[in-house]
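Chains Z and U, in that order, are what the protein sequence lines are. Under numbering that gives the first Met the number 0, the first residue of the first sequence is numbered 0, with each subsequent residue one higher. Under numbering that gives the first Met the number 0, the first residue of the second sequence is numbered 0, with each subsequent residue one higher. Backbone N, C-alpha and C define an ideal beta-carbon position, used for all residues, glycine too. Report on the following structure.
There are 2 protein chains.
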Amino acid sequence: MSVVTSTLPSPAPIGSRTHRICLARGDGIGPEITDAVLHILREAGAPVEFEPLELGERAYRAGHSAGIPDAAWDAISARGVLLKGPITTPQGGGYKSVNVTLRKALGLYANVRPCMALHPYVPSQHPGMDVVIVRENEEDTYGGIEHRQTGEVVQCLKLISRPGCERVIRYAFEYARRNGRRKVSCLTKDNIMKLTDGLFHRVFEEIARESPELEAEHRIIDIGAARLATRPCEFDVVVTLNLYGDILSDIAAELAGSIGMAASANVGGTLAMFEAVHGSAPDIAGKNVANPSGLLLAALMMLEHLGEQAMAASIHNAWLRTLEDGLHTADLMNEATSKRCVGTREFAHAVAMRLGLAPKVLKPRTVDGTNVLQLRSCAALPLIATAARAEKRCVGIDVFLDWDAHGRDAAQLAPQLQAAAGTAFRLALITNRGVRVWPEGHTQTLCTDHWRCRFLAQDDHCGHAMLLALQQRLLDAGLESIKTENLYTFDGERGYSAGQGE
Amino acid sequence: MSVVTSTLPSPAPIGSRTHRICLARGDGIGPEITDAVLHILREAGAPVEFEPLELGERAYRAGHSAGIPDAAWDAISARGVLLKGPITTPQGGGYKSVNVTLRKALGLYANVRPCMALHPYVPSQHPGMDVVIVRENEEDTYGGIEHRQTGEVVQCLKLISRPGCERVIRYAFEYARRNGRRKVSCLTKDNIMKLTDGLFHRVFEEIARESPELEAEHRIIDIGAARLATRPCEFDVVVTLNLYGDILSDIAAELAGSIGMAASANVGGTLAMFEAVHGSAPDIAGKNVANPSGLLLAALMMLEHLGEQAMAASIHNAWLRTLEDGLHTADLMNEATSKRCVGTREFAHAVAMRLGLAPKVLKPRTVDGTNVLQLRSCAALPLIATAARAEKRCVGIDVFLDWDAHGRDAAQLAPQLQAAAGTAFRLALITNRGVRVWPEGHTQTLCTDHWRCRFLAQDDHCGHAMLLALQQRLLDAGLESIKTENLYTFDGERGYSAGQGE
Numbered sequence: 000m001s002v003v004t005s006t007l008p009s010p011a012p013i014g015s016r017t018h019r020i021c022l023a024r025g026d027g028i029g030p031e032i033t034d035a036v037l038h039i040l041r042e043a044g045a046p047v048e049f050e051p052l053e054l055g056e057r058a059y060r061a062g063h064s065a066g067i068p069d070a071a072w073d074a075i076s077a078r079g080v081l082l083k084g085p086i087t088t089p090q091g092g093g094y095k096s097v098n099v100t101l102r103k104a105l106g107l108y109a110n111v112r113p114c115m116a117l118h119p120y121v122p123s124q125h126p127g128m129d130v131v132i133v134r135e136n137e138e139d140t141y142g143g144i145e146h147r148q149t150g151e152v153v154q155c156l157k158l159i160s161r162p163g164c165e166r167v168i169r170y171a172f173e174y175a176r177r178n179g180r181r182k183v184s185c186l187t188k189d190n191i192m193k194l195t196d197g198l199f200h201r202v203f204e205e206i207a208r209e210s211p212e213l214e215a216e217h218r219i220i221d222i223g224a225a226r227l228a229t230r231p232c233e234f235d236v237v238v239t240l241n242l243y244g245d246i247l248s249d250i251a252a253e254l255a256g257s258i259g260m261a262a263s264a265n266v267g268g269t270l271a272m273f274e275a276v277h278g279s280a281p282d283i284a285g286k287n288v289a290n291p292s293g294l295l296l297a298a299l300m301m302l303e304h305l306g307e308q309a310m311a312a313s314i315h316n317a318w319l320r321t322l323e324d325g326l327h328t329a330d331l332m333n334e335a336t337s338k339r340c341v342g343t344r345e346f347a348h349a350v351a352m353r354l355g356l357a358p359k360v361l362k363p364r365t366v367d368g369t370n371v372l373q374l375r376s377c378a379a380l381p382l383i384a385t386a387a388r389a390e391k392r393c394v395g396i397d398v399f400l401d402w403d404a405h406g407r408d409a410a411q412l413a414p415q416l417q418a419a420a421g422t423a424f425r426l427a428l429i430t431n432r433g434v435r436v437w438p439e440g441h442t443q444t445l446c447t448d449h450w451r452c453r454f455l456a457q458d459d460h461c462g463h464a465m466l467l468a469l470q471q472r473l474l475d476a477g478l479e480s481i482k483t484e485n486l487y488t489f490d491g492e493r494g495y496s497a498g499q500g501e
Numbered sequence: 000m001s002v003v004t005s006t007l008p009s010p011a012p013i014g015s016r017t018h019r020i021c022l023a024r025g026d027g028i029g030p031e032i033t034d035a036v037l038h039i040l041r042e043a044g045a046p047v048e049f050e051p052l053e054l055g056e057r058a059y060r061a062g063h064s065a066g067i068p069d070a071a072w073d074a075i076s077a078r079g080v081l082l083k084g085p086i087t088t089p090q091g092g093g094y095k096s097v098n099v100t101l102r103k104a105l106g107l108y109a110n111v112r113p114c115m116a117l118h119p120y121v122p123s124q125h126p127g128m129d130v131v132i133v134r135e136n137e138e139d140t141y142g143g144i145e146h147r148q149t150g151e152v153v154q155c156l157k158l159i160s161r162p163g164c165e166r167v168i169r170y171a172f173e174y175a176r177r178n179g180r181r182k183v184s185c186l187t188k189d190n191i192m193k194l195t196d197g198l199f200h201r202v203f204e205e206i207a208r209e210s211p212e213l214e215a216e217h218r219i220i221d222i223g224a225a226r227l228a229t230r231p232c233e234f235d236v237v238v239t240l241n242l243y244g245d246i247l248s249d250i251a252a253e254l255a256g257s258i259g260m261a262a263s264a265n266v267g268g269t270l271a272m273f274e275a276v277h278g279s280a281p282d283i284a285g286k287n288v289a290n291p292s293g294l295l296l297a298a299l300m301m302l303e304h305l306g307e308q309a310m311a312a313s314i315h316n317a318w319l320r321t322l323e324d325g326l327h328t329a330d331l332m333n334e335a336t337s338k339r340c341v342g343t344r345e346f347a348h349a350v351a352m353r354l355g356l357a358p359k360v361l362k363p364r365t366v367d368g369t370n371v372l373q374l375r376s377c378a379a380l381p382l383i384a385t386a387a388r389a390e391k392r393c394v395g396i397d398v399f400l401d402w403d404a405h406g407r408d409a410a411q412l413a414p415q416l417q418a419a420a421g422t423a424f425r426l427a428l429i430t431n432r433g434v435r436v437w438p439e440g441h442t443q444t445l446c447t448d449h450w451r452c453r454f455l456a457q458d459d460h461c462g463h464a465m466l467l468a469l470q471q472r473l474l475d476a477g478l479e480s481i482k483t484e485n486l487y488t489f490d491g492e493r494g495y496s497a498g499q500g501e
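See below:
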């Protein structure tokens, strides 16, 4: 029970530095898997001290709609790190997810999801798979800004910001460098979304240039996702936008073996939250059957984040050895490699007993002595200095109308718009759901009641008062705008997409 | 060579009805795989007559920026059906894809992608897989409506319309019914995008109710995609929004064996286009090595669309038998099942020679005599009658600002906005990238230069003139809006999402 090989790190000396962090035990199976994880951390001598928080069911019942008491906000801000068990969000009644609330309010911009196969102990069709998905965690269509402005059409805003791209992409490269990774893949759909996904891709290229020692590649999301789903071993670190990352990280976790064993880190500039991906599973709560591995892996990511790479590696290796020894919780039982079905507590004891041992088949986690810098410090890296502010010039406006007259024939709408355009503007095009319907539409185009009417300033420049005057003339003509999008150039470069056929 | 079993359909009598359709041979390998497909159709006696079109390279060179001459538009509109070989879009110079142009301009609203495993002849880890992805083809973020309005933030509109949802979902159910399918799965992210994805989900539920004989299920896209990637045999017909469908259809094609053998139908109310998913592969053009299977499968979908189910099944079975007999083009060569590597022409001849034969191992395609209704007619099904028009009431406006003053502190911005709100409006909240920053923001929230300021009418109703007056007051205070989103209720129900924390 003490075969520590020389390639394995030994735990950092206890007491050299103690990290004080917040702990939420969670609901359902949360308390018992938390106990299991704490047992292992304690036995390993992990230099952490926990401040317990009441997040979740109790807090909801006490009237906090997001399940977070005020004291918890203060504690998280003070400690900077939270290890969180799974939480049950009550259905209906306007309750909000603890998770989403913390992520958004605390600026936890990077969601980090390692997906490593443990075949044959956890069967996977991709035994060599070892992928880390770094997902942008705040932007994209997940900002939840939606509007219904006509009978037929609803809209969601996809917002992408340069600093938002910069910090998550920079984090992905730092993560890759400090964890001995070789490649960072960026997945976007910038062949279609040239401005939004194009920005993410462009920032990726900029930051990749600063890390010539890492391979950097870009793939289009559709075929890239297909490759990840069929050949995950081709990937190492993946960085992508929120929505794509949401989909890819679940795919990768399932391919690796089980979403039930997955952990994630939600990392921000000054704060970070670590959790298992699975839910609170109230049906098996209190039965000592839940697998604590997801939360344990989350705790190990936390240790790495705190700079305790050697401690994390030591526990990771004991955990791998436990799996190799065939001591499996019920969810992992398989004919080929399981020797004994153990409970939550017994599994934790088995891991603790193996501290100091290395796995014999699976690849042991090792630590390169030069790489023990805290990820915490890299999460807070300063953003790239803003480029000199571009000269911004307003050149027109897209006015959107709810219009359901004249058989929805754009040719009937255009003259009214042209009359309102006056001498200051010209009507450039009308689209319906992005498809040009004037000038020169196609009869096959489905026209909803939602029209985008593009007005360009006659002399290539217009002030805001002119835009309001145009809207007033439209209003006088009985055409109420339901929304507007101003058109700008930045240093002479067009800041808006051309209409299809424009 | 004539073991026609009684369970197999015999081809429809030749000459009973001849369909006139448009044919574009395409670029690169296009002409040779088209010849191969035409040989098979001819030998099978398929009742189709082709009108050749010049789409692609020649048309681009002749000055048509989308590769489509005027005469081709007329021909496609007149014939209603196009079989299209792969086309090379020239790089740069403002050339547009023939594909995307046709899809959008002609209202080809459903993209249908069957993904069937042919294991062991085309190796797949999911031998029983037989999934059809029906992807909405026009809406979502693919409308290409993007705006940059501040130095840091770019935006893309995600537009979802009720009629757009209705017709693709209705098509999916009709497709399922007429092709002997049992289940339709809908995938959305409506736990986050409650209005847009919520609309798609709601329309799915409505239409599912009309087809009680088909199983209908909804899954969240992240875990649904993970299931599709790991257990595709659980799926039958999948219907989903444009972006999700783009990703899922490539994943499913790769899982089934090869994206190089995939075909797709782009179906509209009056027109349809059928094509292979792969590209024009100029590197192997003219060498008689390309696999014509993708375009052949596209032609078979075309026959089904035309109501020639029996003819399609007969050719499909001959093609399956050819694969079983181990006559494989270079891309399919594998140790386990390949007997001979054949060229494009030889493969086509081998299929033609097997007309009337059934596969011995793979499942033969059969036709139920009651199901020969044309899919063409179902594509043109009338939309659900519009519900009585809801009472729409304007209750406020979201004004977006480019603001980069006072250290980007929302608490400094709010008083200026409150002053401009006057007596008619009250400032309800300010968000930055969807995160509330006023009232009661968190210091950890990253603030870009892009602010959403929500004004609600004091008496719960406002006219358009009031909205313009508000913008004028903001302008007078030096705050120019960069975009606006009006806030409406529909029959009293809120048509806009609450701000996080509102």
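Straight through space, the alpha carbons of U:ILE132 and U:ALA109 are spaced by roughly 10 Å. Contact between the stretch 147-164 of chain U and the stretch 155-170 of chain Z is present: three or more C-beta pairs spanning the two stretches fall below 8 Å. Boundaries around U:GLY244 are those of the alpha helix (DSSP H), 241-255, since no beta strand (DSSP E) includes it.
Under the DSSP assignment, U:VAL350 falls in the alpha helix (DSSP H) whose first and last residues are 343-352. Within chain U, the residues LYS482 and THR483 have their CB atoms less than 7 Å from the CB of Z:THR483, given in chain order. In the DSSP assignment, U:PHE489 falls within the unbroken beta strand (DSSP E) covering 480-489.
Short of 7 Å from the beta carbon of Z:GLU233, and not among the five residues preceding or following it, lie these beta carbons of its own chain, in chain order: ARG226.
With contacts defined as CB atoms closer than 8 Å, U:HIS125 and U:LEU254 qualify as a contacting pair.
Taking 8 Å as the upper bound for CB-CB distance, U:ILE246 and Z:ALA357 are not in contact here, some 39 Å apart.
With its beta carbon at least 8 Å from every one in chain Z, U:VAL131 lies outside the interface. Within chain U, the C-beta atoms nearer than 7 Å to that of Z:MET192 come from THR140, GLU145 and CYS155, in chain order. Using a 10 angstroms sphere on the CB of Z:ARG19, the tally of other CB atoms stays under 16, which defines it as exposed. Not flagged as an interface residue toward chain U: Z:LYS83, since no C-beta distance is shorter than 8 Å. Think of a sphere of 7 Å around the beta carbon of Z:PRO162: the chain U residues whose beta carbon falls inside it are GLU151, LEU445 and THR447, in chain order.
Cβ contact annotation for U:ILE258 (same chain, cutoff 8 Å, sequence separation greater than five): ASP249, ALA252, VAL276 and HIS277, in chain order. DSSP lists Z:LEU455 and Z:LEU486 as the beta-bridge partner residues of Z:GLY395. U:LEU416 and U:LEU400 have their C-alpha atoms roughly 11 Å apart.
U:VAL111 places its beta carbon 8 Å or farther from that of U:MET310. Put simply, the CB of Z:GLN471 is near chain U, with a gap under 8 Å to one of its CB atoms. Taking one beta carbon from each stretch, the stretch 95-107 of chain Z and the stretch 58-77 of chain Z have 3 or more pairs nearer than 8 Å; the two touch. Close partners of U:THR229 in chain Z (Cβ separation under 9 Å): GLN124, ALA228, ILE250, GLU253 and LEU254. In this chain, U:TRP402 is not harboured by any beta strand (DSSP E), its DSSP state being neither H nor E.
Distance check between Z:GLU42 and each of Z:SER337, Z:ALA410, Z:HIS463 and Z:ILE314 places Z:ILE314 closest, using alpha-carbon atoms only.
DSSP places Z:ARG176 within a helical segment (H, G or I) once states are collapsed to three.
In this structure, the beta-carbon distance from Z:LYS391 to U:THR483 does not fall below 8 Å. CA-to-CA, the gap between Z:ALA77 and U:GLU205 works out to about 50 Å. Annotated as distal: U:ASP459 and U:ALA389, with beta-carbon spacing of 8 Å or more. Scanning chain U for C-beta atoms nearer than 7 Å to the C-beta of Z:HIS463 yields LEU474 and GLU479, reported in chain order.
Per DSSP, the continuous alpha helix (DSSP H) segment holding U:GLN415 begins and ends at 409-420. Taking Z:VAL436 as reference, the option from Z:GLY355, Z:SER184, Z:ALA410 and Z:PRO122 with the minimal CA-CA separation is Z:ALA410. The residue from Z:VAL130, Z:CYS340 and Z:PHE199 with its alpha-carbon nearest to that of Z:ASN178 is Z:VAL130. Taking 8 Å as the Cβ-Cβ cut-off, the stretch 307-338 of chain Z has no residue approaching chain U. Here the C-alpha atom of U:LEU331 lies approximately 11 Å from the C-alpha atom of U:LYS338. Here U:ALA476 is near U:ALA419, since their CB atoms are less than 8 Å apart.
Annotation: Cβ neighbours of Z:ASP245 in chain U (cutoff 8 Å, chain order): LYS188, ILE220 and ASP221.
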